[in-house]
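Chemist: Heads up: the sequence shown runs through residues -1 to 155, numbered per the numbering used here.
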Amino acid sequence: MTRTRKWLVGIAVCMLLVVVSVYFFDWNLARSYIARKVSSSTGRSFAINGDLDVRLSLWPRIIANDVVMGNAEWSKDPVMAQIKRADFRIDILKLLSGHLAFLGISLSELHLVLEINKDGAPNWVFDQTGKQQEFPDIEALAIDRGTIKFRDPTINT
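#1: Do Asp85 and Trp57 come within 9 Å of each other at the CB atom, strictly closer than that value?
#2: Between the beta-carbon of Arg87 and the beta-carbon of Ile60, is there less than 9 Å?
#3: Sort out for me which residues DSSP pairs Val18 with in a bridge.
#4: CB-CB under 7 Å to Ile141, same chain, minus the five flanking residues each way: which ones, in chain order?
#5: Do Phe23 and Val52 have their C-beta atoms closer together than 9 Å?
#6: Let me know the secondary structure DSSP gives Asn26 once reduced to three states.
#7: Quick one: is Ile146 buried, meaning 16 or more other Cβ sit within 10 Å of its Cβ, or exposed?
#8: Measuring only the C-alpha atoms, how far is Thr0 from Val7?
#9: Can you tell me whether DSSP reads Ala140 as helix, strand or coil?
#10: Just reading off the beta strand (DSSP E) that Lys82 is part of, what are its end residues?
#11: Give the single residue among Ser39, His97, Leu15 and Leu50 whose Cα lies nearest to the Cα of Val123.
#12: If we ignore side chains and look at the alpha-carbon of each, how far apart do Ile46 and Val77 end up?
#13: From the DSSP output, which residues share a beta bridge with His109?
#14: By alpha-carbon positions, which one of Ile32, Asp49, Leu101 and Met67 ends up nearest to Ser43?
What follows is the structure, given as structure tokens:
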């Protein structure tokens, strides 16, 4: 076998090992990393307390169980969102171009608290620096069994 052929076989074996490793990766190991990143970017507590499964493809599917996001510190409810199961697909081509787009989001047993405090600040705005955040595209949204509470002191007396 020539030297070039040995190199090509070695590169192919390495690429195969990387693909197999990613395919069999235990995504639950990434839960704490994801929680830290979400918490630092939102200023709220965040946790994925159940299993996390990622199925890689051109449109990766992510399934997270028992997701909890903390509320604003001024709220009387400590939890803003609790989701028993979040199942969504991301358009990876749009993500690579810098735009977040969901092909579909399915939420089971969503419990969400949306509220505005007496100063007019909503709890769904995470970045208070004045920087406008781009909202992602969502092609389809399904919510199965859930509740949404809305509180506004100007209308809820």
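Using N, Cα and C, we set each Cβ at its ideal position, and we do this for glycine too.
Fair warning: this is a prediction, and the values are worked out from it, not measured in the lab.
Modeler: Based on what the coordinates show:
#1: Position 59 of the sequence shown, counted from the start, is the residue given in the question as residue 57. Position 87 of the sequence shown, counted from the start, is the residue given in the question as residue 85. Not a contact, by the Cβ cut-off of 9 Å.
#2: As a first step, residue 87 must be located in the sequence shown, where it is residue number 89. As a first step, residue 60 must be located in the sequence shown, where it is residue number 62. A contact, by the Cβ cut-off of 9 Å.
#3: For the purposes of this step, residue 18 is taken as the residue at position 20 of the sequence shown. The partner list for Val18 (beta bridge, DSSP) is empty, contrary to what the question assumes.
#4: Here residue 141 is taken as the residue at index 143 of the sequence shown, counted from 1. For Ile141, where only same-chain residues beyond five positions count, the Cβ hits under 7 Å are Leu105 and Leu108.
#5: Numbered from 1 along the sequence shown, position 25 holds the residue referred to as residue 23. Numbered from 1 along the sequence shown, position 54 holds the residue referred to as residue 52. Result yes, Cβ atoms of Phe23 and Val52 sit closer than 9 Å.
#6: Here residue 26 corresponds to residue number 28 of the sequence shown, with the count starting at 1. In the structure shown, Asn26 sits in a helix (DSSP, three-state: H, G or I).
#7: On the sequence shown, position 148 is the one that residue 146 refers to. Classification for Ile146: exposed.
#8: One-based indexing of the sequence shown puts residue 0 at position 2. One-based indexing of the sequence shown puts residue 7 at position 9. About 11 Å.
#9: Your numbering for residue 140 matches position 142 in the sequence shown. Correct three-state label for Ala140: strand.
#10: Here residue 82 refers to the residue found at position 84 when the sequence shown is read from its first residue. Where Lys82 is concerned, the enclosing beta strand (DSSP E) stretches over Val77 to Ile88.
#11: For the purposes of this step, residue 123 is taken as the residue at position 125 of the sequence shown. With distances taken between Cα atoms, Val123 lies closest to Ser39.
#12: Along the sequence shown, read from residue 1 onward, the residue named residue 46 stands at position 48. Along the sequence shown, read from residue 1 onward, the residue named residue 77 stands at position 79. Answer to the nearest angstrom: the Cα atoms are 13 Å apart.
#13: The residue given as residue 109 occupies position 111 in the sequence shown. Partner(s): Gln80 and Thr145.
#14: As a first step, residue 43 must be located in the sequence shown, where it is residue number 45. Comparing Cα-Cα distances from Ser43 to each of Ile32, Asp49, Leu101 and Met67, the minimum goes to Met67.
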